[in-house]
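Written out below as structure tokens is the structure these notes cover.
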Amino acid sequence: MTSNPLLSGLNEQQFQAVTLPAQSALILAGAGSGKTRVLTTRLAWLISTGQVSPHGILAVTFTNKAAKEMLARLTAMLPMNARGLWIGTFHGLCNRMLRAHWKEAGLPQLFQILDSADQLSAIKRLLKALNIDDEKFPARELMYFINSAKEQGLRPHEVEAFDDFARKRVELYQAYEAQCQREGVVDFAELLLRCHELLQRNEPIRAHYQRRFRHILVDEFQDTNVLQYRWLKLLAGLGTDGQAAVMAVGDDDQSIYRFRGAEVGNMRDFEREFHVDNVIRLEQNYRSHGNILDAANAVIRHNSGRLGKNLWTEAGSGEPLRVYEAFNDIEEARWVVEEIKALIHDGTARDDIALLYRSNAQSRVLEHALFSAGIPYRVYGGLRFFERQEVKHALAYMRLIANPHDDTAFTRVVNFPTRGIGARSLEQLQDAAQAHSTSLYGALNFLTGKAAQSVGAFIKLVDQLRFACEGLKLPEMVEQVLELSGLRAHYLTEKEGQERVANLDEIINAAANFISEEGYAQVAAEDETAPPDPLSAFLSHASLEAGEHQADAGQAAVQLMTVHSAKGLEFDVVFMGGLEEGLFPHENSVLERDGLEEERRLMYVAITRARHRLYLSFAQSRMLHGQTRYNLRSRFFDEIPAELMKWLTPPASARGYGGFGSSSAVPAAPASSNPRSFGSGRKNPAVNDSGFRIGQQVAHAKFGAGVIVNAEGSGSDARVQVNFGAHGVKWLALAVAKLTPA
DNA sequence: TTAGCTGGAGTTTTT
DNA sequence: CTCCAGCTAA
1 MTSNPLLSGL NEQQFQAVTL PAQSALILAG AGSGKTRVLT TRLAWLISTG QVSPHGILAV
61 TFTNKAAKEM LARLTAMLPM NARGLWIGTF HGLCNRMLRA HWKEAGLPQL FQILDSADQL
121 SAIKRLLKAL NIDDEKFPAR ELMYFINSAK EQGLRPHEVE AFDDFARKRV ELYQAYEAQC
181 QREGVVDFAE LLLRCHELLQ RNEPIRAHYQ RRFRHILVDE FQDTNVLQYR WLKLLAGLGT
241 DGQAAVMAVG DDDQSIYRFR GAEVGNMRDF EREFHVDNVI RLEQNYRSHG NILDAANAVI
301 RHNSGRLGKN LWTEAGSGEP LRVYEAFNDI EEARWVVEEI KALIHDGTAR DDIALLYRSN
361 AQSRVLEHAL FSAGIPYRVY GGLRFFERQE VKHALAYMRL IANPHDDTAF TRVVNFPTRG
421 IGARSLEQLQ DAAQAHSTSL YGALNFLTGK AAQSVGAFIK LVDQLRFACE GLKLPEMVEQ
481 VLELSGLRAH YLTEKEGQER VANLDEIINA AANFISEEGY AQVAAEDETA PPDPLSAFLS
541 HASLEAGEHQ ADAGQAAVQL MTVHSAKGLE FDVVFMGGLE EGLFPHENSV LERDGLEEER
601 RLMYVAITRA RHRLYLSFAQ SRMLHGQTRY NLRSRFFDEI PAELMKWLTP PASARGYGGF
661 GSSSAVPAAP ASSNPRSFGS GRKNPAVNDS GFRIGQQVAH AKFGAGVIVN AEGSGSDARV
721 QVNFGAHGVK WLALAVAKLT PA
């Protein structure tokens, strides 16, 4: 052991990971095992021991938040100049390289970045220009197709197409590429693909970066896609003499982004291709009590093909998990609110409480209950600052200053605020642009008549803006844009427009901050580029980092979010609601190959968010898509050892809601196509005189667990319809079938 | 050009 | 049920 103070307090595995010699390594970092600490300490250790200069390090993350945190913690440990440090997101780093080598990458110097919304509108515009039937080729689908092709590293000519439909799609992909190139814009996937191609084709540039980056660190490696992994291999010079040391840190059990291209298999491939001879496992958890970890371990054990890992803690086992069975979703929410009130009363801070759910639709009922109770709450997942329409409008004007041929920006604001340029004029303009293969801005010269006049006025405005902004500092530029474009005036006259005006003004602040803060400094620190243009750097920043999620950060509030957005966070108390078959695991996932395993990993993530107390709840019935659905409780309950759970409701389902009621026949509900969840249009009527009621969970000797979804008849004729999940939905005569409350 | 209607869809999300 | 996109009528 050295006496290096950086290393004090590390456990054995952490120490081992931090002080590994310069070789490639795979770190399996369990939830709450001090992953970020290891990553940052590793960086600090490498630098402080003189093994590598800050110049020789590349650290990649997925989110700006993670990159910022890493940088902040590193500079706190080891005061240094952040200039020249390559710590950032995949997209941010690729952008940086492309800015430096725009010529070699075949891009205009001031290329703009399309965010997803921009990309979608660019595709819609393309489809319209080509007169494509958008029934057959919906823009969203085409966008998904293009992005996934790019994420596999495939250009149009490399995509296999065996039928006319597929060939047409590829053709559209090609047309989209041509359009982007013409307009000087790149989408997110293009940043990566372009950068990969640059490195692959340009030997001197590749050699330069391979020589430079001696240590590459990758965070959340399980979330990398095919292209990102290839990019890493290229940068690391895999298989070359001077191969860099790559430290991949990740957790296969927390891989929950396959739906957006993440390839867990990269972990195994990495282990093999980089000849990793010892995988380091960080299994000691510093976050949760033992019972919570035991539950998480028990659930994830049902997955196959894991790299293997078992979380443990030195903290005690703590209390058991608290399980609640609710009558319906509304009652579930009411119960959550009652518990929260008690928790707050006992001194738990509101923002130490999180309400997690599988899908966003579930937040409504919770919000309603919290609102009625007057408990401050905060929902994650809304619009972010740079995604708001007024902000995007202002940015579009700025994009036109940087590049008047940016047709996406052009179409966005050509008639906003309205200036009499309707669909007709725009269509003429688009036709002219198409005919003379020029941008919309450039097509003015080919227009005649009324359209020429109105469009001419707008183009004059764009020129005027560019002229007025020449030599101005960024914040002053924003100021000019807001005034001259008429945006501020427009929102001032709009009722309820004050917030939008405030957001517009906030762009000025954002620009000022950007100039003074690291955002710009990082780009400015680029050693091999000419001084970058602040405007275009700011626009990239706006696309690459959409800003904070909209929520009032004011008073401490109860946190509401999906399990996905909770990844990486932790809370004293976690409520995991809606644990029902069909919802979690989600019905769509059950059909996908290995979909259930991904749901299970999601459950694992959910459980491991809790530090001290974890509530699990489900409802017998729930309003979904305007229909009441009766679902079985989630199979995940069966995967958690019973001794870890304390049921807050009497032995599953035996509570006497409903009881007896009308004995008249209830019309039969339509059979469900999904065997494990079941929908019916009616509320929860009490059923015949059998003591059973709709929504109740029951057990059958042959079919196992089920839930009553319908009933009819009374006395000896009483029959109930039961959803037995995998065993199907069946009508059973109560006089004959042995059905017991479960 | 905009308001108002109608129909369709409805996991998860970062850059 | 509830949101959104796209269409029709003023």
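The first sequence lines up with residues 1 to 742 when you count with full-length UniProt numbering. Cβ atoms here follow ideal geometry from the backbone N, Cα and C, with glycine treated the same way.
Secondary structure, alpha helix (DSSP H): runs of 4+ residues fully inside the region 405-471
407-413, 423-435, 449-469
Could you check where the beta strand (DSSP E) with R622 kicks off and where it finishes?
The residue labelled residue 622 in the question sits at position 622 within the first sequence. Start and end: 610-624.
So, for I47: in the same chain, excluding its five sequence neighbours on each side, which residues have a beta-carbon less than 8 Å away from its beta-carbon?
By 1-based counting over the first sequence, the position of residue 47 is 47. Excluding positions up to five away in sequence, the list reads S53, P54, I57, L78, M80.
Alpha carbon to alpha carbon, how far is residue 753 from Q498?
There is no way to answer for residue 753, as the model of the chain reaches only from 1 to 742.
Okay, do the region 371-386 and the region 542-549 touch, 3+ Cβ pairs below 8 Å being the bar?
yes
Is P79 helix, strand or coil when you go by DSSP?
Translated into the one-based positions of the first sequence, residue 79 becomes position 79. Reduced to three states, the DSSP call for P79 is coil.
Here's the rule: buried if 16 or more other CB atoms are within 10 angstroms of the residue's CB, otherwise exposed. What is N285?
Here residue 285 refers to the residue found at position 285 when the first sequence is read from its first residue. Buried: at least 16 other Cβ atoms inside 10 Å.
Rounded separation between L282 and W45 - CA only
Here residue 282 refers to the residue found at position 282 of the first sequence. Here residue 45 refers to the residue found at position 45 of the first sequence. Whole-angstrom Cα-Cα distance: 18 Å.
Return yes when the Cβ of F416 is within less than 8 Å of the Cβ of A432, no when it is not.
Indexing the first sequence from 1 puts residue 432 at position 432. Indexing the first sequence from 1 puts residue 416 at position 416. No.
CA nearest to the CA of L440, picked from L235, D163, V455:
Within the first sequence, the letter at position 440 stands for residue 440. Nearest option by C-alpha distance: V455.
Nearest candidate by alpha-carbon position, reference M70, set V38, H101, R96:
Here the question's residue 70 lines up with position 70 in the first sequence. M70 has its Cα closest to that of V38, out of V38, H101, R96.
Is DSSP giving H208 helix, strand or coil here?
On the first sequence, residue 208 is found 208 positions in, with the first residue counted as 1. Helix.
Buried or exposed: where does H436 fall if 16 or more other Cβ atoms within 10 Å of its Cβ makes it buried?
Against the first sequence, residue 436 aligns to sequence position 436. H436 comes out exposed.
Hey, out of N710, L110, A556, T19, whose CA is closest to R350's CA?
Position 350 of the first sequence, counting from 1, holds the residue named residue 350. Checked all of N710, L110, A556, T19; the closest Cα to R350 is A556.
C-alpha gap between V279 and I132, whole angstroms:
The residue labelled residue 279 in the question sits at position 279 within the first sequence. The residue labelled residue 132 in the question sits at position 132 within the first sequence. Distance between the alpha carbons of V279 and I132: 52 Å.
Host alpha helix (DSSP H) of T740 (start-end):
For this step, residue 740 is matched to residue 740 along the first sequence. From DSSP, T740 is part of no alpha helix (DSSP H) but of the beta strand (DSSP E) over 739-741.
Closest to P108 by C-alpha separation, out of A606, F618, G84, R194, would be which residue?
On the first sequence, residue 108 is found 108 positions in, with the first residue counted as 1. That would be R194, whose Cα lies nearest to the Cα of P108.
Is F514 helix, strand or coil by DSSP?
Position 514 of the first sequence, counted from the start, is the residue given in the question as residue 514. In this structure, F514 counts as helix in the three-state DSSP scheme.
CB R412 to CB A396, shorter than 8 Å?
Your numbering for residue 412 matches position 412 in the first sequence. Your numbering for residue 396 matches position 396 in the first sequence. Their beta carbons are under 8 Å apart, which means R412 touches A396 by this criterion.
By the three-class DSSP mapping on this structure, what secondary structure does F213 have?
The residue labelled residue 213 in the question sits at position 213 within the first sequence. The answer is coil: DSSP assigns F213 none of H, G, I, E or B.
Would you please state the rounded distance, in angstroms, between the beta carbons of H302 and R600? I believe it to be under 8 Å.
As a first step, residue 302 must be located in the first sequence, where it is residue number 302. As a first step, residue 600 must be located in the first sequence, where it is residue number 600. H302 to R600, Cβ: 6 Å. Contact.
Pairwise C-alpha distance: F62 and R466:
Numbered from 1 along the first sequence, position 466 holds the residue referred to as residue 466. Numbered from 1 along the first sequence, position 62 holds the residue referred to as residue 62. Using only the alpha carbons, I get a separation of about 35 Å.
Comparing C-alpha positions only, which one of V605, R609, R635 sits nearest to V590?
Position 590 of the first sequence, counting from 1, holds the residue named residue 590. Taking only the C-alpha atoms, the option nearest V590 is R635.
Rounded to whole angstroms, how far is the Cβ of F251 from the Cβ of Q228, which I believe are closer than 8 Å?
Walking along the first sequence from the start, residue 251 turns up at place 251. Walking along the first sequence from the start, residue 228 turns up at place 228. In the sequence on display, residue 251 carries Asp and not Phe. Actually they are not in contact, since the Cβ atoms of D251 and Q228 sit about 17 Å apart, beyond 8 Å.
Do D407 and R140 have their C-beta atoms within less than 8 Å of each other?
As a first step, residue 407 must be located in the first sequence, where it is residue number 407. As a first step, residue 140 must be located in the first sequence, where it is residue number 140. Their beta carbons are not under 8 Å apart, which means D407 does not touch R140 by this criterion.
Can you find the residues in the same chain that come closer than 7 Å, C-beta to C-beta, to R334, ignoring five residues on each side of it along the sequence?
For this step, residue 334 is matched to residue 334 along the first sequence. Correct list, in chain order: A369.
Where G713 and E160 are concerned, what is the direct C-alpha to C-alpha distance, given to the nearest angstrom?
Sequence index remark: in the first sequence, residue 713 carries index 713 (1-based). Sequence index remark: in the first sequence, residue 160 carries index 160 (1-based). Roughly 59 Å separates the two Cα atoms.
What does the Cβ neighbour count give for R364, buried or exposed, with the cut at 16 atoms within 10 Å?
In the first sequence, the residue the question calls residue 364 occupies position 364. Answer is exposed; the Cβ neighbour count stays below 16.
H157 bridges to which residues according to DSSP?
As a position in the first sequence, residue 157 is number 157, starting the count at 1. Answer is none; H157 lacks a bridge partner.
What does DSSP give as the partner residues of R719 in its beta bridges?
Within the first sequence, the letter at position 719 stands for residue 719. Answer is E712, A733.
Three-state secondary structure assigned by DSSP to W102:
Indexing the first sequence from 1 puts residue 102 at position 102. It is coil, neither helix nor strand.
Own chain residues within Cβ distance below 7 Å of D329, not counting five before or after
As a first step, residue 329 is located in the first sequence; it is residue number 329 there, counting from the start. Once the five neighbours on either side are set aside, the close Cβ partners of D329 are V365, A619, R622, M623.
Where does I292 fall in DSSP's three states?
Your numbering for residue 292 matches position 292 in the first sequence. The answer is helix: DSSP assigns I292 an H, G or I state.
Whole-angstrom distance between K460 and G449, CA atom to CA atom:
Residue mapping note: residue 449 aligns to position 449 of the first sequence, counting from 1. Residue mapping note: residue 460 aligns to position 460 of the first sequence, counting from 1. Cα to Cα, G449 sits roughly 17 Å from K460.
What three-state label does DSSP hand D187 in the structure shown?
For this step, residue 187 is matched to residue 187 along the first sequence. Residue state, collapsed to three classes: strand.
Near P641, what residues of its chain come up, given a Cβ to Cβ distance below 8 Å and the 5 sequence neighbours on each side ignored?
Walking along the first sequence from the start, residue 641 turns up at place 641. Closer than 8 Å at Cβ, skipping near neighbours: D294, A295, A298.
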